[in-house]
Amino acid sequence: MQIADGKVVSIEYVLTVDGEEIARTDADDPMEYLHGVGEILPGLETALTGKKIGDSFSITLPPEDAYGDYDEEDIEEIDKSDIPNVAELEVGMIVEVEDEDGYSYTAEVQEIRKDVVVLDFNPPLAGKTLTYDVVVKGVRDATEEELEHGHAHSDWDEDEEWDGYEDEDEDSLDRA
3 MQIADGKVVS
13 IEYVLTVDGE
23 EIARTDADDP
33 MEYLHGVGEI
43 LPGLETALTG
53 KKIGDSFSIT
63 LPPEDAYGDY
73 DEEDIEEIDK
83 SDIPNVAELE
93 VGMIVEVEDE
103 DGYSYTAEVQ
113 EIRKDVVVLD
123 FNPPLAGKTL
133 TYDVVVKGVR
143 DATEEELEHG
153 HAHSDWDEDE
163 EWDGYEDEDE
173 DSLDRA
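Residues in the sequence shown are numbered consecutively from 3, following the numbering used here.
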């Protein structure tokens, strides 16, 4: 079974930035996502399209195919009086901020001044070139509920028919 829109995909990966490993999935706990709905970075999703179980590859994503360029305008100064529990904040801390319409955003505390807190709303990897080393571990059809909700719901079910991991018998490897 090939990776295509509407498939739940399970991958292992190692993510490096400037030669330094910054994230990795565990072999016993690969990442799952619903292909074609934007759950993962666009460049990585494009590279995975058409791959099969056991395929492995390396891809380097420039910022425009990953988290975008770093935007200096995505930094805001917020009055301390507008921040609950402001005394608990520390530089480098990730905080959740809600706007006047009730939408939540995450930001990094960049600086704490006398009357304001400077928050950086850029994604932590904005402006970075990312390299993924990926192994496709599983591919299955998404359930109707997963398709309705736009994301994968659970780990692989042992009783479910799907193209499986290394320990699956050969008969199950070519179902589709």
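By construction, the Cβ of each residue, glycine as well, lies at the ideal position given by its N, Cα and C atoms.
Being a predicted model, the structure only gives us computed values, none of them experimental.
Any idea which residues DSSP pairs residue i with across the strands?
{"i": "residue 122", "result": "77 and 110"}
{"i": "residue 14", "result": "137"}
{"i": "residue 36", "result": "10"}
Considering Cα atoms alone, identify which of the options is closest to residue i.
{"i": "residue 79", "options": "111, 57, 90 and 67", "result": "111"}
{"i": "residue 97", "options": "88, 137 and 103", "result": "88"}
{"i": "residue 5", "options": "70, 55 and 85", "result": "55"}
{"i": "residue 94", "options": "3, 120 and 72", "result": "120"}
{"i": "residue 7", "options": "14, 125, 36 and 147", "result": "36"}
Once the 5 residues before and after residue i are set aside, which same chain residues still bring their CB inside 6 Å of it?
{"i": "residue 92", "result": "none"}
{"i": "residue 130", "result": "19"}
{"i": "residue 49", "result": "61"}
Grab me the residues of residue i's own chain with a C-beta within less than 8 Å of its C-beta, minus the 5 sequence neighbours each way, in chain order.
{"i": "residue 133", "result": "17, 18, 19, 60, 61, 62 and 63"}
{"i": "residue 161", "result": "With a pLDDT of only 43 at residue 161, under the threshold of 50, the placement of this residue in the model should not be trusted, and no figure is reported."}
According to DSSP, simplified to helix, strand and coil, what is residue i?
{"i": "residue 46", "result": "helix"}
{"i": "residue 98", "result": "strand"}
{"i": "residue 147", "result": "helix"}
{"i": "residue 31", "result": "strand"}
{"i": "residue 168", "result": "Because the pLDDT at residue 168 is just 35, under 50, the model does not fix this residue reliably, and the value given afterwards should be weighed accordingly. Coil."}
{"i": "residue 25", "result": "strand"}
Give every residue of the same chain whose Cβ lies closer than 7 Å to the Cβ of residue i, excluding the five residues on either side of it in the sequence, and list them in chain order.
{"i": "residue 168", "result": "In this prediction, residue 168 has a pLDDT of 35, which is less than 50 and means its spatial position is unreliable; what the coordinates show is noted afterwards. Hits under 7 Å: none found."}
{"i": "residue 46", "result": "61, 63 and 134"}
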